[in-house]
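Only one structure is covered here, and it is reproduced in the block below.
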DNA sequence: CTGTTAGCGCATTCAA
DNA sequence: TTGAATGCGCTAACAG
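Chains as they are written, first to last, in full-length UniProt numbering: chain V, 1 to 361; chain X, 1 to 361.
Below, the structure written as structure tokens:
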């Protein structure tokens, strides 16, 4: 624990025999003209001393941190990829991204992270539709820091300028329609209550899809958190009365749940997709490798992060590059209000293809 | 973009009719005696103005950030959980944790994050065995910031005081032995070259396990990155000559790879575990839900993060609580050098239980 | 082209 | 019990 304190700009100036202002100039590659000789001497001094600029001092002085904060519900799957992509994106604009996880929607942890980011005076924030209550968030975020939400619905436009959402409703509508088209006699949605807005969107879309079907169809909304996986499966199987023909279609909150249901089907000798058809969401790597492979929805992470970054960078008064500017305009044109919807595409696999698998022939 | 600048301690002082020193005192020096009246006035002013302390200024003044940095190879699975746990742990000691992902072992990104963390003058660093070269890291980290490594091997003791590692070698040894004991005629290890140290540890342990077997046994080391999943399976099947009796045992770098191999087996009508037995690593949620479920190794995230936190906090000169102190001593006692090894436990499932599954009866 | 100087927001002696 | 003054490391006019 020796830790002699790191060299400062003053040490560098002394070492190079110039003033601190000059050092600052060469560090920040300012426009001001400087003799090559001076630059060389300063740079030498910097490497010789192992100088590293103190960003706290820099930010304090600049009254600008060039730092952005991202709050995620957790680091897994889609969200992790989201974070990495967004980091790359904003780095291209000279911003740094600090990522925090609410460790599974824990409002307390979330609040802590938010508070910390605010105290650090980040220039902007990106957050999922939070676990914290909206008023509580509003109070924290206040009018202050630019905030872009992703996958959050019904945020008042005065606190959130933009919400960049995946069209879970549309996807769910499609899923329901697809299952019905495949001849399912019954369709159910298996959700997770703590999915919050994302869950509600799926429900709304699912119901819409069911409603669009020509004839009346047996359906149900199930909660996996409440019923458990086995409970969901049982409930699903008994919805339409056990005698009717055709498989039961189950559309799940995400691939993880779909996979668990799949395992439960194996356990009970229920054939997929003959007796039960499954559609998940997220298109996780394991969805493809499952047996039978799971039909799911691809997450357009690239597009979503690009849009999020574009909105935030723009709010920060920065100029966007050609591609991002174009992207923004394209989506802005087809958007009403401040909620932007990104369409999703279904990836059809064997869990919805009749006859592709027989567990117990 | 109005953003009137946030209130400072000066504003609060004015509002409360006291000096800034007094404000500072009520905020963080409750030890010094102050009249309750003053405290009340200051606190009122704070809430009235919505004052929030600027940590950059605070840290600059204190010459201490109370912030720790964590660098991960990526956010997925085990690492994500690791981050969340560690965050909780260090929060208990009054530290904040900033997490960064190298986006899949990208040395460039990793360097960027490390540099940023150092510029931010974090009090300590935690990192996986990095993607960056060791010398490059040493130069960066230098003698300066306390650094604890996890799952990193062969780091010189003068730059890394502690390395807290999972015993991948021991687990791999056990895996090989287990497969052999289950009657496998052939055992192979399917790895990922970019797993680096973690991969090498597995290889060493695997070979040791094979070597401990009484008789000579056909085995091989395969690289999934090079051969592809199909290639690995083919190679594995042909290792011992196709005629010999007993299943082929495949021990994989992680569950993801095991699952892909499992899918490939289904594809080709190869029965698991009758013809092929699989053991993965990480005990991901999908390992349990796979069909057949995958034998794997549990990751002791809690224990590992506790130890990492304890080492780092201690290096920072902080006092540990009872439990952590005890934990530290316990492990210190059984450790030689600066590399600490955490034992892992196997979770046996159907992918190694004969007869549990017949894909094509 | 280079140096002087006044902040940035806060913590912390040292006096009062 | 409170306040004035100094410094943390750096940036950004403004002079020279």
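Think of the CB as a built atom: it goes at the ideal place given N, C-alpha and C, for glycine as much as any other residue.
Contact of residue 260 of chain V with chain X by beta-carbon distance below 7 Å involves 289. Rounded to the nearest angstrom, the Cβ distance from residue 98 of chain X to residue 69 of chain X is 5 Å, consistent with a contact under 8 Å.
Interface with chain X (7 Å Cβ-Cβ cutoff): residue 202 of chain V is excluded. With contacts defined as CB atoms closer than 7 Å, residue 306 of chain X and residue 327 of chain X qualify as a contacting pair.
For the set X/270, X/41, X/107, the Cα lying nearest the Cα of residue 14 of chain X is the one of X/41. Looking at the backbone, the Cα of residue 274 of chain V and that of residue 171 of chain V are separated by about 23 Å.
Residue 104 of chain X sits in coil when the DSSP states are folded into three classes, being neither helix nor strand. Around the beta carbon of residue 28 of chain V, fewer than 16 other beta carbons sit within 10 angstroms, so the residue counts as exposed. Residue pairing for residue 157 of chain X: DSSP places it in no beta bridge. Under the 8 Å Cβ criterion, the region 195-207 of chain V counts as touching the region 159-177 of chain V, having at least three qualifying pairs. Between residue 236 of chain V and residue 217 of chain V, the CB-CB gap reaches or exceeds 7 Å.
Here residue 304 of chain X is buried: its Cβ has 16 or more other Cβ atoms, across all protein chains shown, within 10 Å. The contact set of residue 83 of chain X on chain V, defined by CB atoms closer than 8 Å, consists of 75, 101 in chain order.
Here residue 349 of chain X has 293, 294, 295 as same chain residues with Cβ atoms under 6 Å from its own Cβ, once five neighbours each way along the sequence are excluded. Our two residues, residue 146 of chain X and residue 50 of chain X, have alpha carbons roughly 36 Å apart in a direct line.
For residue 126 of chain V, the closest of V/89, V/185, V/10 by C-alpha to C-alpha distance is V/89. Measuring C-alpha to C-alpha distances from residue 197 of chain V to each of V/262, V/67, V/154, V/220 identifies V/154 as the nearest. With fewer than 16 neighbouring CB atoms inside 10 Å of its own CB, residue 48 of chain X falls in the exposed class. Chain V places no beta carbon closer than 7 Å to that of residue 239 of chain X, leaving this residue out of the contacts. Comparing alpha-carbon positions, the option among V/19, V/24, V/76 lying closest to residue 284 of chain V turns out to be V/76. Listed along chain V, no residue sits closer than 9 Å to residue 280 of chain X by beta-carbon distance, the nearest being about 12 Å off. With the criterion set as a beta carbon lying under 7 Å from some beta carbon of chain V, the members of the region 92-117 of chain X are 96, 98, 99, 101, 103, 116, in sequence order. Of the candidates V/330, V/183, V/162, V/162 places its Cα closest to the Cα of residue 129 of chain V.
X/319 is the residue among X/347, X/65, X/319, X/34 whose C-alpha sits nearest the C-alpha of residue 93 of chain X. Bounds of any beta strand (DSSP E) do not take in residue 38 of chain V; it lies within the alpha helix (DSSP H) bounded by 36-49.
Any Cβ of chain X closer than 7 Å to the Cβ of residue 190 of chain V would place that residue at the interface, and such an atom is absent. About 18 Å separates the beta carbon of residue 208 of chain X from that of residue 182 of chain X, a gap too long to meet the 8 Å contact definition. Against residue 286 of chain X, the close residues of chain V are 259, 286, in the order they occur along the chain (beta-carbon pairs closer than 7 Å). Apart from sequence neighbours up to five positions away, the residues of its chain that approach residue 96 of chain X with a beta-carbon distance below 6 Å are 67, ordered along the chain. With at least 16 other beta carbons inside 10 angstroms of its own, residue 85 of chain X counts as buried.
Rounded to whole angstroms, the separation of the alpha carbons of residue 282 of chain V and residue 239 of chain X is 37 Å. C-alpha of residue 272 of chain V to C-alpha of residue 329 of chain X: approximately 53 Å in a straight line.
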